[in-house]
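Trainee: Residue numbers (the numbering used here): 1 to 226. For each residue, glycine too, the CB sits at the ideal point set by N, CA and C.
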């Protein structure tokens, strides 16, 4: 007959391990909004806040993501999304090639600023340069792909070097497919390519071009990251 005392030791060890794992898992989930906000903040080198993150079977939802502006900006907030839905199996984030099924952002508020009259310097140039600096220190290089990126109800504030504020008509929907980044830590690269696509599309809107009074080919020179 099996010795009950000998059996209790491994069972106790297993129970202790599972208990510790559960506690660590709970702590990570409970503090996920703070952890993720800190991660983004290190990438953009600006203040970032997140109200909450809700986890689902193959997706997670970020509530009220706010990305702060650089010190030179007039407005303290560069980007805000009331809801960000990321749909993909969690196992994807551990692969060499990360594939995200979709990222949907709703009620997006965006601040675009130019600091000089020639519009050669702006807040989003600074933010994306910060993201690039973050990538330079990365060790592993992995590919990141977003199958679909959707932004709905996009509100844009444009501030020129003279301090004049232009609030554009809301953009109902921006949609992009099969966005890829060849190198960099996936999160840093994902943040950068979203910013690129978003700013490029908004600056391509006819109404915004009329305000800036420069053609799209000049906008590409203004924003070399496009």
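Flag this pair as yes or no: are the beta carbons of residue 179 and residue 160 separated by less than 7 Å?
Mentor: Their beta carbons are not under 7 Å apart, which means residue 179 does not touch residue 160 by this criterion.
Trainee: Measure the beta-carbon distance from residue 46 to residue 67 and round it to whole angstroms, keeping in mind my assumption that it falls under 8 Å.
Mentor: Yes, residue 46 and residue 67 are in contact; Cβ-Cβ is about 6 Å, under 8 Å.
Trainee: Leaving out five residues before and five after residue 75 in sequence, what residues of the same chain have Cβ atoms less than 8 Å from its Cβ?
Mentor: Hits under 8 Å: 69, 111, 113, 157 and 159.
Trainee: For residue 58 and residue 100, which I take to be in contact (beta-carbon distance under 8 Å), what is that distance rounded to the nearest angstrom?
Mentor: Not quite, the Cβ-Cβ distance comes to about 11 Å (not below 8 Å), so this is no contact.
Trainee: Hey, residue 174 and residue 151: beta-carbon distance below 7 Å or not?
Mentor: Yes, they are a contact pair.
Trainee: Pick helix, strand or coil for residue 117, following the three-state DSSP scheme.
Mentor: Note: residue 117 maps to coil in three-state DSSP.
Trainee: May I ask you to report which of helix, strand or coil DSSP gives residue 169?
Mentor: DSSP places residue 169 in coil when its eight states are reduced to three.
Trainee: For residue 98, does the count of other Cβ atoms within 10 angstroms reach 16, so buried, or fall short, so exposed?
Mentor: Looking at its Cβ environment, which holds 16 or more other Cβ atoms inside 10 Å, residue 98 is buried.
Trainee: Need the endpoints of the beta strand (DSSP E) that residue 50 sits in, please.
Mentor: Note, residue 50: beta strand (DSSP E), 48 to 55.
Trainee: Using the beta-carbon count (16 or more within 10 Å), is residue 18 buried or exposed?
Mentor: In this predicted model, residue 18 has a pLDDT of only 49, less than 50, meaning its place in the structure is not dependable; the value taken from the coordinates is given anyway. It is exposed - the Cβ of residue 18 has fewer than 16 other Cβ atoms within 10 Å.
Trainee: Counting C-beta neighbours from all protein chains within 10 Å, is the total for residue 165 16 or more, i.e. buried, or is it exposed?
Mentor: Counting Cβ neighbours within 10 Å, residue 165 comes out exposed, since fewer than 16 surround it.
Trainee: Residue 54 and residue 43 - do their beta-carbons sit closer together than 7 Å?
Mentor: In this structure, residue 54 does not lie closer than 7 Å to residue 43 by Cβ.
Trainee: Could you check how far apart the C-beta atoms of residue 84 and residue 65 are, in whole angstroms? I think they sit under 8 Å.
Mentor: Going by Cβ atoms, the distance from residue 84 to residue 65 rounds to 5 Å, so yes, they are a contact pair.
Trainee: In angstroms, rounded to a whole number, what distance separates the CA positions of residue 89 and residue 35?
Mentor: Each residue's alpha carbon lies about 20 Å from the other.
Trainee: Along the chain, where does the beta strand (DSSP E) that runs through residue 97 open and close?
Mentor: Its beta strand (DSSP E) spans residues 97 to 100.
Trainee: So what does residue 109 bridge to, in DSSP terms?
Mentor: According to DSSP, residue 109 bridges with 80 and 155.
Trainee: Return the residue from the list 40, 154 and 63 that minimises the CA-CA distance to residue 51.
Mentor: Among 40, 154 and 63, the Cα nearest to that of residue 51 is on 63.
Trainee: Roughly how many whole angstroms lie between the Cα atoms of residue 56 and residue 31?
Mentor: About 16 Å.
Trainee: Can you tell me whether residue 79 is buried or exposed, with buried defined as 16 or more other CB within 10 angstroms of its CB?
Mentor: Buried is the call here.
Trainee: In angstroms, rounded to a whole number, what distance separates the CA positions of residue 81 and residue 109?
Mentor: Their Cα atoms are separated by approximately 6 Å.
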